[in-house]
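Chains as they are written, first to last, in this note's numbering: chain A, 164 to 458; chain B, 4 to 178; chain C, 252 to 922.
For each residue, glycine too, the CB sits at the ideal point set by N, CA and C.
Have a look at the structure below before the remarks.
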């Protein structure tokens, strides 16, 4: 039975985080979940907007929400952590703050749009665990990633401040998902610690230190790969090895999207999943040899 | 108090849960709208639908019933009996053209002073938005209409008086 | 206005200022003046404190002088003082039920902010009471005899103390405890704050005294499953769980334990919080009362999935020998008791530390709960008082104690658990004494209200225990930059709010000061006993100050932590609930509101629709007369049948139709 969600890719999934979308779409297709991309979506309101004028950022986000509501699917999927947070935050403001609600409604009315707050914003992890279910995912696995040691890294935005589908301090959904596709999950105490976020671009020293801490700890825990859910985290952890090496030494470990690992387990090709895009390539493991005959 | 119209809400609270909760609201010094007048009963099961109709007929704009939560009734199941009657009465009030917001049933436990405040405030706002129910005034109008009608009929009959004398003899044939 | 005069109905009205509690928000003289104009009112006064002696005397004097036949007092909640004023009216020579009370404090002056509105409301409520009281009838208080035996549910310190008090006064008491031994949480403690008395030295003599008291029937390993009957006369059903030991025959010699086929104890020991091991046949702890072993069918080889298999060679039976105390065929049995009063002392549940994953309990072996530490420092505990890490041998050199785990936290429990600051101090002292480790307490606020408590805190400061004010963010095994200090340790990350910066402090052992919560089955106990719970789930007392150990049900009392977190001295003091029970038993009867219902024979058409409405089967059908009949003794006065009678032929005393209709008319009469 196919279920359908509205899909808000956001800028990252079309640019720097292209590999996330490239792996997300086939994985959901394999799980009989159909995603319909919003037409004419705009910036979710994150980063600079949020810092300068929060209400205007919410106005931007609300246009996307209004379009999702109009599209008519029950829920909106937002894979990028920043989009997921801003869209949810906007929903909360609409419910709790009459003044923000007023501004948003007025702005939407200018372009003949309305939003009644009925479309929940969901994260792919949430949908995988709570709608698709681990059993259905296990059934879809044709090439279990046995022996691959994964450090599950959630980042900050999907658990703070709204920990809607997982524990705020010790999230577990990705751990369970990785186990379901055959990986070994290492104990990774920094799963919600800061990746350095946009500091890597503005104040490199502290920003890179954050990334270095995460990479170092993952290696220390014996992980082969870090799995992430966020384009910015992936970029920071994957893209700055050279700079980190110059400053603190070599902490080489690949960082990939959880959907890429799922795709591998589902028997999809590395290129198809955008795995060639990473700076640090995943080491070929015996378990990742070509799929067994007959699949 | 301003001279503008104020909603009047009659509330029937059960002794064990909701009345105690209203006491708790008092002890906690919560502030809420002053439009509700509470009548204490031992159990929401004692709420006779006639009480509700009578309150509306005598000028209440709305009626609120407060009882214990399901499973928590001090008398085991009086609250369920109340719920049954409430559901039936709700339909009847709708047939009579009385808005559903004018009758509300809430489960409020002894610990829920906050809920007393919220429910009373919500209900007051809802009734204020609806405006007065004004059944006593309507009764007065209907009485006046009836008087006029009676006067009208009597006047008409007075005109027909001579013919009317023959009427009784014909009556058996119709029966 | 022409007032209808009726020689028989002469109402006196009193509005109380309650100091400024009412008068500040309600214009009391105006209310009195308004009521004076109402029908049948011959006297209307306002007075500073109606519940005071002079206030009550005023009523009595007026009844005589003005020949009052009805009295209305507008003051606080009837749940508080209706009883008081009925007494005053009765003392004045009237039937106490010719009285009605108007609540203009809790329902009016305390909850409104506009004096004009509040005054109008007071007038309308008073108007209703005046109209209602005119309809009142003389009624008689029903006296129900109280069965002299008492039931105490829960054998912790509060329950033991309550049972002992009653038993020493010569009353028969049933003490029901669901564990194999009485003693409760206190039996697990090593020492008690602030005096550092040995807990066992205080408790165990009391336990054995309770166990052997001729007036106490101790039912351990048993649970109350049902409470039937009515106030003063309860029939209690107690489930006796099979312990596979005949209690009367067991002498507590423990030969069976020594000779069990399991040579080594290998199952986690509940009493020691799983830190120690026990055999399938065991005695929970050396001083357990009763001194009777218990067999756990989940671990005993003679059982599989709770079913008897007989596959074990039963060396325990051989060891028991002639005593023949072991009975593998024991089944769950049910016992019926008749009691008049019940004291509920079901205690608390310690907060499950796993609910705060950021502190790593269950994930990092060396994170302990406070109860585990109580067992570790206890010389009769699993390590004989030797404080070691989970590996069973390493002594910790640094220990961090985190306060308020599951207390004062919007995400878990909002309340302060009251005992954690003090027991954390006590544990800090004991741990220091046992290990000489560096000890840090991480607290939000230090709360030490109690005799000698603050002094104890001072003492700890002098002992060199460190105190850091700040709520701990997380406990992690992630060693950051200072590798040599943090490697292999548990690091506490905390904002030191006094120093004003975030700290990382490495520890060998972390102790979580878990808070107190209502027992898991508190809700079902509450329903069974017809009590109420507060927002947080602890049992609710009738009044926090006037009736702190009573419940809304006559004859059912509370003591100890089931009512809210409290320490041992408070629990024991509160077990004076027994005194209240004693008073009731000695009086011999409970007075009941005469609010029962009865049938008007002439009007009952025998439709039987009332019969299924009554949850107490108080209504039966008299086939000869073709009328319904209400058994007054069984009727509890809810009035559900009254509202359901299609012919209006059931009347409820105190709440009859004309009384309520006149009250409705009254609240709406004011223009």
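The Cβ atoms of residue 895 of chain C and residue 878 of chain C lie no closer than 7 Å to each other. Close partners of residue 380 of chain A in chain C (Cβ separation under 7 Å): 729. In the three-state reduction of the DSSP assignment, residue 541 of chain C falls in the coil class, being assigned neither a helical nor a strand state.
In the structure shown, the three-state DSSP call for residue 493 of chain C is coil. DSSP assignment within the region 704 to 732 of chain C yields the following whole beta strand (DSSP E) runs of 3 residues or more, N-terminal first: 717 to 720 and 723 to 727.
By the CB criterion at 7 Å, residue 805 of chain C and residue 482 of chain C fall inside the cutoff. Around residue 866 of chain C, the beta-carbon contacts reaching into chain B at under 8 Å are 78, 79, 80 and 81.
Annotation: residue 272 of chain A is outside any beta strand (DSSP E); the continuous alpha helix (DSSP H) that includes it extends over 261 to 273. In this model, residue 299 of chain A and residue 310 of chain A are separated by some 22 Å (Cα to Cα). Near chain B, meaning a CB-to-CB distance below 9 Å, no residue of the region 461 to 485 of chain C qualifies. The C-alpha of residue 834 of chain C lies about 21 Å from the C-alpha of residue 821 of chain C. Judged by DSSP secondary structure, residue 110 of chain B falls within the beta strand (DSSP E) whose first and last residues are 106 to 110. Here residue 899 of chain C is exposed: its Cβ has fewer than 16 other Cβ atoms, across all protein chains shown, within 10 Å. Within 9 Å of the CB of residue 54 of chain B, the CB atoms of chain C belong to 894, 908, 911, 912 and 915, in sequence order along the chain. One alpha carbon belongs to residue 595 of chain C, the other to residue 809 of chain C, and they sit about 5 Å apart.
DSSP, read as helix, strand or coil, puts residue 353 of chain A in coil. Within the region 360 to 389 of chain C, 361, 362, 363, 364, 365, 367, 368, 369, 371, 372, 375, 376 and 379 place their CB atoms closer than 8 Å to a CB of chain B, listed in sequence order. Residue pairing by DSSP places residue 352 of chain C opposite C:324 in a beta bridge.
Around the Cβ of residue 358 of chain C, a 10 Å sphere holds 16 or more other Cβ atoms; the residue is buried.
Against chain C, a Cβ distance below 7 Å from residue 33 of chain B picks out 362. With respect to residue 340 of chain A, residue 291 of chain A sits close: the two C-beta atoms are nearer than 7 Å. In summary, the residues of the region 778 to 803 of chain C whose CB is separated from some CB of chain B by less than 7 Å are 778, 781, 783, 784, 785, 786, 791 and 803, in the order they occur in the chain.
Within the region 834 to 861 of chain C, those residues whose Cβ lies closer than 7 Å to any Cβ of chain B are, in chain order, 846. Any Cβ of chain B closer than 7 Å to the Cβ of residue 333 of chain C would place that residue at the interface, and such an atom is absent. Inter-residue distance for residue 386 of chain C and residue 392 of chain C is about 18 Å (C-alpha atoms, whole angstroms). Under the Cβ distance rule, residue 919 of chain C counts among the residues neighbouring chain B, one pair being separated by less than 7 Å. In the structure shown, residue 175 of chain A adopts helical secondary structure according to DSSP, grouped into three states. Below 8 Å, enough C-beta pairs join the region 755 to 765 of chain C and the region 736 to 747 of chain C to call them touching: three or more. A straight line joining the alpha-carbon of residue 542 of chain C with that of residue 417 of chain C spans about 23 Å. For a Cβ distance threshold of 8 Å, residue set 890, 906 and 911 of chain C lies close to residue 44 of chain B, ordered along the chain.
Nearest CB-CB separation between residue 98 of chain B and chain C: not below the 7 Å threshold. Here residue 115 of chain B carries a coil assignment [DSSP, helix/strand/coil]. With its beta carbon less than 7 Å from one in chain B, residue 358 of chain C belongs to the interface.
For residue 293 of chain A, there is no enclosing alpha helix (DSSP H), as DSSP marks it with neither H nor E. Within chain C, the residues placing a beta-carbon under 7 Å from that of residue 57 of chain B are 912 and 915, ordered along the chain. Straight-line spacing of the CA atoms in residue 164 of chain B and residue 154 of chain B works out to 15 Å.
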